Amino acid sequence: MTQATTRTRTFVQALNEALDIAMARDPNVYMLGEDIGEMGGDFGVTRGLWAKYGDARVRDTPLSEAAIIGASVGSAMLGMRPVAEIMFADFIGECYDQLVNNAAKMHYMFDGQFKAPIVVRTACGGGFGGGPHHSQSVEGWFLNVPGIVLVAPSTPADAKGLLLASIENDNPVIFLEHKALYRIKGEVPEGYYTTPLRKAAVARAGSDVTVVATMKLVHEALAAAAELEKEGVSVEVIDLRTIRPYDAETVLESVRKTGRAVVANEAPKIGGLAAELSATIGEECFHDLKAPVARVAGLDTPIPFSLVLEKYILPGKEEVIAGIRSVMK
Amino acid sequence: MTLDIETLVDLYRDMWLIRAFEFGLEREFKKGNVPGMLHTGVGQEATQAALAAHLQASDAFFPDHRCHGINALAQEKHQGDGERIMAELFGRATGVCSGKGGSLHSANPKVGNFGDNAVEGSYMATVLGVALAYQMRGQPNVACCIIGDGTVGRGEFHESLNMAAIWKLPVLYACVNNGYAISMPVGKGHASADIVDLARGYGFPCEIVDGNDIEAAYDAVQRAIAHIRAGNGPYFLEFKTWRWQGLFSGEFRSPEEVKYWKEDRDPLKLAREKILAQGKLSAEDLERIEAEVKAEIEAWIDFAKASPMPDPAKATADVYVGWEVTA
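Residue numbers (numbering that gives the first Met the number 0), protein chains in the order written: chain A, 0 to 328; chain B, 0 to 326.
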C-alpha cells in the first residue's frame, strides 16, 4: 500500500475537503443549515461548496433547528445522506427532540425498518468569550441516549477521516467540532480515506499514567505530558475520538498497563463523560489501579463571558497536570 | 359532490373497519389485554378513510396517535394483513414492529406508513425530509402528516409550514381538528379556533373541510393530492370533526355536545344516509357489510391474542445499525 501524500491543512480545510469528497462520491449526500451556502458557514467549513454543487445540495435554511434535523431524518429514511450544520452546539436544545426521539430511536422503535444516517456537524467548546450560549460542550446531553453516535476529532487528519466515516455510517452522528481547533494545522492525507469510528487513538505512548481526553483537551494533555516528561513522568494520552459508543477496550488496556488514570473533558464534571469513563475504569480496572481515577473537567457552572471568568471554570494544561500529579502521589 | 355508489360503499366499509377496530381494541384494553395507553379514532373515521383511499403505497404518511384506523387500512389495502397492526398493539412478535413500537409507533414503509412519533408534532419536521427526498429525486409522491389541533401549539408546526412553503415541498398537512387537545378547547389553546387562520400566512392553499362528511373529505383529499403531485407545493386541509373518546377520567363535554356529535353528526350514520339516498343498496345490504367487517376484526383480535410474545433478547437488537449494544 502506498502512503498517501499529505499536505499541511487547517482543521476547517480538512473538514471542507471531507465534505467535498463525500458530495462528489455520493449523489445522496447533501448539506443543510444556516448560512452554509454562498456564505460558506459561520466558520467557513462549507466555503466554496455551494458554488460547486448548487442550491439543491447545499441548502440554506431559516433559523429552524428542529426543521433542519427533521428534514435530515426524513430524507435519511428514504436513503439520502444529509449533513446538517447546527451553527453552535448550544442551539441543539432547539432540535433535541428531533435527535433524541426521532433520529436515535427510529431504527429501534420501528424494528429496523428505517435508518437515520444523518450527520449533524456542530461547533462546540469554549475559550473565546462566546458566553453562556455559544461555548458549551454538549456531549453530556447525549451520553444517556442509546442510538446516538458522538464523534469528536482533535486533529485535522482525524477531522477529515472521521467526517467521511460518519457520513458513510448508517447511524445518526453528532459530529463535534471544537471551535478552538478550527484554525490548528496538521498533516492531512490527500484524497479519500476514512478513520474508523468507535476506535480511540493513542496520541502519545507512555507508561506511568493514562490520560483519556477529547478534542481540545487532547492538546492540553499532550502539552502536559511534554512538561511532565522533564520530571521523569511518562504520560500516555488516549484521544477517545468517538465518545458514544466509546472504545472501552483501548482505554482499559492502557489503564491496566499504567495503573493510573486521568479523564479529561471540558464539559461540567457532574454526570458527564469524565464521570462515565471514571466509572467504567473503576468497575473494570479496580485491582489494577494504584490511585483513584482523577476527573479533569469544567466546573459545575454555566460558561461566563469575561475571559478571566471563563478561564477559571474551563480545564486546561495546568488542570491536567494537577490531575496527573494527584494520581502520581 | 356525490360519489358513485361503489366508491361510497368502499369508503363506508373502510370507516366501519376503523370503528370496529377501535371498539374491539377498547374492549380488549379494558380487559387488560392491551398494554400501555389507548387513544381511539372513533368519530374521525371519515378523514382517515379518505386519506387511505388516495394515498398510494409509494407515498408516505405520518399517522398520529388516533390513527390505528389508517394504519390498519394501509396495511390491509397494500399487503392484505391488517391484523399485524392489531398484533402490534397487543405487543406481539407478529406486529408490524415486532412489538417494539405499539400503538404510538406502528410503521411499515412498504405500505407508506412512516410511523407515528408520540411526541405530538415532532414528525411535522420529519415529513419535510421525506418530501425533500421526493423532490430531489423527481418523484411525484406525496408526504402527508396527520396532526391534531393540539399539535398546532408546537414550534415544529410553524417551522414545518414555513420550510415546506419556501422549498415548495410536496407535503399534505391533514389537520384533524377534533375540538380538544386532551381537555383544552381549540379556541382556548390557539389564537384561532380555525387552524387555517394560522396556516394561511405561509401562502399555500388551505381549506376547511367537513371531517364528518365522507364525500367532502374524499373530494378535498383528492384535490389536495392532485395539486401536490402536479408539483405545486404543499396543501393544508383542516378537517372539522369530534372525537368520541373523552378523557381517561371520563366525559368532560356537555351532554348536549355529546348528543349532537354522536347522534346528528356521526360520520358513519351520515354516510349510511347518503348510500341509502342513492336507492341502490338496502339497509340490509349495509348491515351485512357491517357484520362482515366486525367478524374480520374479531379474527384480527384472535390472531393478535394467539400470537407469540417477542423474544426478550430482541430488546437489545437494532439500537445501532451494525453494532451490538455492549453495556
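Where is the CB? At the ideal position from N, CA and C, for every residue including glycine.
Keep in mind the model is a prediction, meaning the values are calculated, not measured.
Per DSSP, N32(B) lies in no beta strand (DSSP E) segment and is marked neither H nor E.
If you ignore the 5 residues before and after N32(B), its C-beta comes within less than 8 Å of the C-beta of F89 and K304, all in its own chain and listed in chain order. A215(B) is the residue among G232(B), A215(B) and E262(B) whose C-alpha sits nearest the C-alpha of A48(B).
Y52(A) is the residue among Y52(A), T9(A), F42(A) and M38(A) whose C-alpha sits nearest the C-alpha of Y29(A).
Bounds of the beta strand (DSSP E) holding H177(A) are V172 to H177. Within chain A, the residues placing a beta-carbon under 8 Å from that of E155(B) are A65, A66 and G69, ordered along the chain. Against D63(B), chain A offers no close residue; the least beta-carbon distance is about 15 Å (beta-carbon pairs closer than 8 Å). The beta carbon of Y217(B) sits closer than 7 Å to those of L2, L10, A49 and A52, all from its chain and outside the five residues before and after it, given in chain order.
Within chain B, no residue has its CB atom less than 8 Å from the CB of F90(A), the nearest being about 13 Å off. For Y107(A), the chain B residues whose Cβ falls inside 7 Å of its Cβ are K99, D317 and V318, in order along the chain. Remark: C-beta atoms of M327(A) and R259(A) approach each other more closely than 8 Å. The region 116 to 133 of chain B and the region 88 to 107 of chain A touch, with no fewer than 3 CB-CB distances between them shorter than 8 Å. For P303(A), the three-state secondary structure derived from DSSP is coil.
Counted as a single uninterrupted DSSP element, the beta strand (DSSP E) harbouring D238(A) occupies residues V234 to D238.
Listed along the chain, the chain B residues whose CB falls inside 7 Å of the CB of V72(A) are T125 and G128. Contact between E186(A) and T300(A) fails: their C-beta atoms lie close to 37 Å from each other, not under 8 Å. By the CB criterion at 8 Å, V220(B) and L16(B) fall outside the cutoff.
Ranked by how close their Cα comes to the Cα of L276(A), the residues K289(A), V295(A) and H286(A) have V295(A) in first place. Interface annotation, P145(A): in contact with chain B, CB-CB separation under 8 Å. In the structure shown, F89(B) falls within a coil segment according to DSSP collapsed to helix, strand and coil.
Following the DSSP letters along the chain, one finds T9(A) inside the beta strand (DSSP E) bounded by residues T5 to T9. Assignment of alpha helix (DSSP H) within the region 12 to 81 of chain A, counting only whole runs of 4 or more residues, yields 48 to 52 and 64 to 76 in chain order. In the three-state reduction of the DSSP assignment, R252(B) falls in the coil class, being assigned neither a helical nor a strand state. Two segments are said to touch when three or more pairs of C-beta atoms, one from each, lie closer than 8 Å; by this definition the region 140 to 157 of chain B touches the region 171 to 184 of chain B. Interface with chain A (8 Å Cβ-Cβ cutoff): G40(B) is excluded.
Looking at the DSSP output, L251(A) sits in no beta bridge, so it has no partner there. Cβ contact annotation for S233(A) (same chain, cutoff 6 Å, sequence separation greater than five): G205, S206 and D207, in chain order. Cα atoms of G42(B) and K198(A): separation of roughly 54 Å, rounded to the nearest angstrom. Contact between the region 169 to 176 of chain A and the region 251 to 258 of chain A is absent, with fewer than three C-beta pairs closer than 8 Å. Residue pairing of F87(A) in beta bridges, as defined by DSSP: A122(A). Looking from the CA of K187(B), the closest CA among D148(B), G98(B), P62(B) and F60(B) belongs to D148(B).
E82(B) is positioned such that its CB atom lies no closer than 8 Å to that of A66(A). Interface with chain A (8 Å Cβ-Cβ cutoff): A180(B) is excluded. Leaving aside the five residues that flank W49(A) on each side, the residues in its chain whose CB is nearer than 6 Å to its CB run, in chain order, G36, E37 and V57. For S159(B), a Cβ of chain A is located within less than 8 Å of the residue's own Cβ. For the set L131(B), F28(B), V129(B) and D58(B), the Cα lying nearest the Cα of A225(B) is the one of D58(B).
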